[in-house]
Amino acid sequence: MTDIYTTELVALGANLAQMAVKGTATAVSAKIRAIKDEKNAEKIRNTYDEIVNELLSEREEAVRIAQAYKSELEKVVISDEDIQHLHNTVANILKIMTDIQIAGAERAGEAAVEAVKEQTKVYEQFMELISVDTLKTMQLIGFNYKTAIGEPLTLMLKNFLLSKVKEPDSVSMFEKVLTPELVEILKDDTAYENFRGILGGESND
């Protein structure tokens with residue numbers, strides 16, 4: 003578990019503890035008892051407004067804490083289906099990168115082709131690392147998918163795409179290339195195979 007992850011949980015726990023010792027229910031009951039025999043309508047209305055606002059405020063804080071806990075949990079726990087989906091999507095990304103690299107290497111010569119083949123071995127090792135069985139096991143020890151896989155993969159893909167761009171405004175071009183539509187293509191097997199065909203890669207058919 004990373005220090006950042008632990009710190010976040012500690013902070014959430016402290017907030018939850020503050021709510022527990024706040025004693026809102028007891029305070030509300032006391033206020034209701036205090037105005038039980040009150041005759042001043044304005045004072046009664048103000049007291050009830052205070053009670054409602056206090057309860058709403060505490061509810062919002064409870065919802066915020068619950069959502070924060072859920073967010074932290076989702077960083078280390080994903081379903082088998084999501085793990086398989088992650089594996090397939092990453093595989094598609096790496097295949098496209100390999101196709102483009104091989105096409106460029108073939109024009110550069112045999113040495114370049116061999117270099118790409120060595121790089122492909124690294125990709126294959128990475129795919130073994132994110133197999134369903136491996137990720138399910140790592141999940142049990144608090145593995146953070148977003149930090150360990152998402153961030154490095156994002157950086158790797160960004161650097162790869164930027165290496166293919168000659169325009170000076172590379173970051174802007176990267177954002178144009180990596181569109182939501184491209185992400186959807188990577189998710190769909192048929193669309194992905196068609197996309198590879200357009201790029202000149204061999205189809206799996």
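Per my numbering: the sequence shown = residues 3 to 207.
All C-beta atoms in this analysis are idealised placements derived from N, C-alpha and C, irrespective of residue type, glycine included.
Relative to residue 101, the option among 67, 111, 110 and 118 whose CA is nearest is 118.
Taking 8 Å as the upper bound for CB-CB distance, residue 137 and residue 104 are not in contact here, some 28 Å apart.
Nearest in C-alpha terms to residue 95, of all of 36, 146 and 152, is 152. Taking C-beta atoms under 8 Å as the contact rule, residue 59 and residue 89 fail to qualify, at a distance of about 44 Å. By the beta-carbon neighbour count (other beta carbons within 10 angstroms, threshold 16), residue 92 is buried. The beta carbons of residue 46 and residue 40 sit about 5 Å from each other, so the pair counts as a contact at 8 Å. Nearest C-alpha to residue 140 among 99, 43, 122 and 81: 81.
Closest by C-alpha distance to residue 146, out of 73, 55, 56 and 43, is 73. Taking 9 Å as the cut-off, the beta carbon of residue 99 is found closer than this to the beta carbon of residue 125. With 16 or more other Cβ atoms from the protein chains shown falling within 10 Å of its own Cβ, residue 97 counts as buried. In the three-state DSSP reduction, residue 142 falls in the coil class, being neither helix nor strand. If you look at residue 123, you'll find it in the alpha helix (DSSP H) that goes 112 to 131. The three-state reading of DSSP puts residue 42 in coil, since its state is none of H, G, I, E or B.
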